[in-house]
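First the structure, in the form of structure tokens, and then the observations on it.
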Amino acid sequence: MRTYHCFWLLFWAGQPHQSFLTPLSKRTSGFPEKEKVLVLSGSSRQDLHRSKRSWMWNQFFLLEEYTGTDYQYVGKLHSDQDKGDGSLKYILSGDGAGDLFIINENTGDIQATKRLDREEKPVYILRAQAINRRTGRPVEPESEFIIKIHDINDNEPMFTKDVYNASIPEMSDVGIIKTALLNMDRENREQYQVVIQAKDMGGQMGGLSGTTTVNITLTDVNDNPPRFPQSTYQFRAPESTPPDSPVGRIKANDADVDENAEIEYSITEGDGYDMFGITTDKDTQEGIITVKKALDFENKNLYILKVEATNTHVDPRFLYLGPFKDSATVRIQVEDVDEPPVFSRPAYIMEVKEDVPINSVIGTITAQDPDAARNPVKYSVDRHTDMDRVFNINSGNGSIFTSKPLDRETLLWHNITVIAAEINNPKQSSRVPVFIKVLDVNDNAPEFAMFYETFVCENAKAEQLIQTLSAVDKDDSYGGHQFSFSLAPEAASSSNFTLQDNRDNTAGIFTRKTRYNRHEMSTYFLPVVISDNDYPIQSSTETVTIRVCACDHRGKMLSCNAEALIHPTGLSTGALIAILLCIIILLVTVVLFAALRRQRKKEPLIISKEDIRDNIVSYNDEGGGEEDTQAFDIGTLRNPEAIDDNKLRRDIVPETLFMPRRTATARDNTDVRDFINQRLKENDTDPTAPPYDSLATYAYEGNGSVAESLSSLESVTTDGDQDYDYLSDWGPRFKKLADMYGAMDSDKDS
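In terms of my numbering, the sequence shown has 1669 at position 477, counting the first letter as 1, and numbering is strictly consecutive.
Next up, the structure:
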């Protein structure tokens, strides 16, 4: 129930003199409070004259949230000049005047027409005025007065949010919202919901209240160490597991979250410390155990490791809870796998002399099954590495032997591959390279380093050096080659030259006599024997060609050819040249005469059926249509002016001494019909023209022609002797040709 207080408010105007209260009008609000009257001061009873005074105002107070059915009464305006005869009129203006606040213009009573809310507007400023109703002039100056809305407890406390979310670290001390329990543990409970109530009036009876909800989340701190769920883990790994492959995963549990639960794994001790490694999976926080080195079941089949899990982010405040790490034992059992044979070496290098006989053993390789079963092994040569089958291998004991002769000078190294496979399981195989070096044997004789052809001057003197010789040897010589030179026995005593060995793998050829005559002997062949000093000694006989030449006094060669015997008779070189020119002129004259006679009496090219040339068979080839560009140049047919009359005929042997036969070219006629007619007449009337000359162009009939050959084999007669009407029956392709030759009337050949 709301309680309302009523006050008398009396306002005096003018000087401080005794005033009176005007009668109160009847209340319309029903409020149990005294009437508020604004009195306008007038004349004093002691003074004989009346002086005008200004209004004096005070504040009106009005309770908010009025719930009555009538208008709420605010107060009354009254002027001391109001005689009660209705001559004055009260006017109200300002905040809410005429709408929220109304005034009785006769009595001055002010009322509020609506319920007021102090929280919406606490103060209203109004202006009051009294005017003469008859004249409309104010009898009092206009003044302001204030209406203040008195507050009542009509609003409960309200929170700015319906729900509050807050988070505090677990194990925290108190704050504004205090923790009720000591050492609250997030791992036990993470979320809390608290309802908070707020009351006004200090919580006294009659006050209002409001509530809100606070969701409290405990954030994580690293107060839990990692713990392995079991003390021992066991894994199996085949011995064929390649390095860096995973063997298994282990995981230590940590009740914390996010970075407080990050774990680092390590191998601290164990007999497999150098054989295995462990890494951390950042997504799952698992420890991944991997193989670092190749496993061997036959050497060791069980490894025991000690693995430790440690938090990477440790909170020093909780070190008193114990070490933030844990350890576990990992047992890794290596499983046996059927492995391929293993060679005793990763590669083999063998040496063999190039002169060994075929089937000679040059070395042995060994391989065995590393498994406990020790399966037998067979050997073979990979023929892709020995295409010529120079070597072979004993499949049982692995001995390699030659199957063909060797030659170091042809191939120094042979690189083959040997395969070892289990007999019981041939798929289990392995390979090994075998490098075979062919050792040198002195089986090549030395020879000249180059082909020697030298000369000696006719005026040479005895003991004169004319050539220095050197030699090479295909064989190797570890101490260096040492060659010896000598003349062959058959030339040692009768030769016109001598040979001197310089003992430095070179030799010199010297003249034995003074002066040589190239007319007596123009060329000498000097056999030289070259020997090496290796075992067995090899030697060869090489020949030096020595030509006798004419030289000047300084030894410079002038000529090495023998001159004619008639030279001493006195004929000069000019005379000889004149004789030769006369002979040439005579021969040319004879040839010209013979050629002229041949042209006058040239017989037809084709004398008999057996004399038909090879290219006549081209008449069986009728062309490939317009797309055939190999038969002839169609541009020539369409443009006769483009013909080169200087071109020689291709069907007879060209005669260079005579100009080709010229024919009149119809330069002004570009019509195909006239061109063909002209060439046809020329060839029909010329008995020497072959039937396969330019008329070969008539074979250009297109693809799929039903016509026969149009050659001029039988065209020795004139056009008037032939009937060309049958061309009209050959289809549209020959319509143009039929029009050209069908002008003359003839019987149609059926």
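Yeah, the Cβ is synthetic: ideal placement off N, Cα and C, and Gly gets one too.
**Asked** Residue range of the alpha helix (DSSP H) that Pro1538 falls in?
**Response** Per DSSP, Pro1538 belongs to no alpha helix (DSSP H) and is neither H nor E.
**Request:** Answer yes or no: do Thr1698 and Pro1719 have a C-beta to C-beta separation smaller than 7 angstroms?
**Result:** The answer is no: Cβ separation not under 7 angstroms.
**Prompt:** Of the choices Cys1649, Lys1748, Gly1766, Arg1746, whose alpha-carbon is the least far from that of Thr1715?
**Reply:** When C-alpha distances from Thr1715 are compared across Cys1649, Lys1748, Gly1766, Arg1746, the shortest belongs to Cys1649.
**Prompt:** Less than 7 angstroms separating the beta-carbons of Glu1543 and Lys1629?
**Reply:** Their beta carbons are under 7 angstroms apart, which means Glu1543 touches Lys1629 by this criterion.
**Request:** Can you give me the start and stop residues for the beta strand (DSSP E) that Pro1330 sits inside?
**Result:** In the DSSP assignment, Pro1330 falls outside any beta strand (DSSP E) and carries neither an H nor an E.
**Backbone secondary structure at Ser1920 - three-state DSSP** = Of the three classes helix, strand and coil, the one that applies to Ser1920 here is helix, per DSSP.
**Item:** Closest Cα partner of Pro1549 within the set Pro1533, Phe1593, Tyr1571, Ser1437
**Value:** In this structure, Phe1593 is the residue among Pro1533, Phe1593, Tyr1571, Ser1437 with its C-alpha nearest to the C-alpha of Pro1549.
**Asked** Which one or two residues does DSSP pair with Gly1671 in a beta bridge?
**Response** By DSSP's assignment, Gly1671 forms no beta bridge with any residue.
**Asked** Are the beta-carbon atoms of Val1483 and Pro1435 separated by less than 7 angstroms?
**Response** Yes, these two residues count as a Cβ contact at 7 angstroms.
**Message:** Whole angstroms are fine: how far does the CA of Ala1683 sit from the CA of Glu1601?
**Reply:** Here the alpha carbons of Ala1683 and Glu1601 stand approximately 32 angstroms from one another.
**Asked** So what does Met1749 bridge to, in DSSP terms?
**Response** Answer is Cys1743.
**Asked** Closest by CA to Met1350, which one among Ile1496, Thr1405, Pro1314, Asp1563?
**Response** Comparing Cα-Cα distances from Met1350 to each of Ile1496, Thr1405, Pro1314, Asp1563, the minimum goes to Thr1405.
**Given Glu1490 as reference, the closest of Pro1562, Ile1524, Ser1458 once Cα atoms are compared** = Nearest C-alpha to Glu1490: Pro1562.
**Asked** Do three or more CB pairs link the stretch 1469–1482 to the stretch 1407–1415 at distances below 8 angstroms?
**Response** Because the criterion of three Cβ pairs below 8 angstroms is not met, the stretch 1469–1482 and the stretch 1407–1415 do not touch.
**Of the residues Tyr1708, Asp1696, Arg1695, Asp1667, the one placed nearest Ser1687, counting alpha carbons only** = Nearest C-alpha to Ser1687: Tyr1708.
**Request:** Per DSSP, which residues does Lys1545 bridge with? Please list them.
**Result:** Beta-bridge pairing links Lys1545 to Leu1631.
**N-terminal and C-terminal residue of the beta strand (DSSP E) that Ala1683 is part of** = Taken as a continuous stretch (DSSP letters only), Ala1683 belongs to no beta strand (DSSP E), being part of the alpha helix (DSSP H) at 1681–1684.
**Asked** Quick one: Cα of Asp1806 to Cα of Val1740, how far?
**Response** Residue placement at Asp1806 is flagged as unreliable, the pLDDT there being 45, under the threshold of 50; a coordinate-derived value is accordingly withheld.
**Prompt:** In whole angstroms, what separates the C-alpha of Asp1377 from that of Gln1383?
**Reply:** Approximately 11 angstroms, taken between the alpha carbons.
**Cutoff 8 angstroms; reference Asp1291; Cβ partners in own chain excluding five residues on either side** = Apart from the 5 residues on each side of it in sequence, Asp1291 sits with its Cβ closer than 8 angstroms to the Cβ of Thr1305 in its chain, given in chain order.
**Run of the beta strand (DSSP E) containing Val1589, from where it starts to where it stops** = Reading the sequence as shown, one finds Asn at residue 1589 and not Val. For Asn1589, there is no enclosing beta strand (DSSP E), since its DSSP letter is neither H nor E.
**Item:** C-alpha distance - Asn1651 paired with Leu1779, whole-angstrom precision
**Value:** Roughly 43 angstroms between the two C-alpha positions.
**Message:** Glu1256 and Arg1310 - do their beta-carbons sit closer together than 7 angstroms?
**Reply:** Contact flag set, yes.
**Item:** Entirely enclosed beta strand (DSSP E) segments - the stretch 1364–1448, minimum 3 residues
**Value:** Within the stretch 1364–1448, the complete beta strand (DSSP E) runs of at least 3 residues are 1383–1391, 1401–1411, 1424–1430, 1438–1442.
**Message:** By the three-class DSSP mapping on this structure, what secondary structure does Gly1955 have?
**Reply:** What is shown of the chain runs 1193 to 1942, which leaves residue 1955 out entirely.
**Item:** Sequence-distant residues of its chain with Cβ nearer than 7 angstroms to Asn1607 (five each side left out)
**Value:** Correct list, in chain order: Thr1577, Pro1625, Phe1627.
**Prompt:** What separation, rounded to the nearest whole angstrom, lies between the Cα atoms of Pro1852 and Gln1791?
**Reply:** For Pro1852, the predicted structure reports a pLDDT of 41, less than 50, and the residue's modelled location is therefore unreliable. A value from the coordinates is still provided. Linking Pro1852 to Gln1791 through their CA atoms gives a straight-line distance of about 11 angstroms.
**Item:** Limits of the unbroken beta strand (DSSP E) element including Lys1268
**Value:** From DSSP, the beta strand (DSSP E) with Lys1268 extends over 1264–1270.
**Item:** Inter-residue spacing [alpha-carbon to alpha-carbon] between Val1355 and Arg1307
**Value:** Approximately 33 angstroms, taken between the alpha carbons.
**Asked** Going by the beta-carbon positions, is the gap between Ala1654 and Thr1706 smaller than 7 angstroms?
**Response** In contact: Ala1654 and Thr1706 (Cβ atoms closer than 7 angstroms).
**Item:** Per DSSP, the bridge partner or partners of Val1783
**Value:** DSSP lists no partner for Val1783.
**Cross-strand partners of Tyr1316 (DSSP beta bridge)** = Its beta-bridge partners are Ile1339.
**Item:** For Gly1462, the first and last residue of its enclosing beta strand (DSSP E)
**Value:** For Gly1462, the enclosing beta strand (DSSP E) stretches over residues 1455–1462.
**Rounded separation between Thr1411 and Pro1508 - CA only** = Taking the straight line joining both Cα atoms gives about 17 angstroms.
**Request:** State the DSSP-derived secondary structure class of Asp1309, mapped to helix, strand or coil.
**Result:** Asp1309 falls in the coil class under three-state DSSP.
**Prompt:** What residue from Gln1674, Gln1870, Glu1500 has the CA that sits closest to Tyr1425's CA?
**Reply:** Looking only at Gln1674, Gln1870, Glu1500, the smallest Cα-Cα distance to Tyr1425 is reached by Glu1500.
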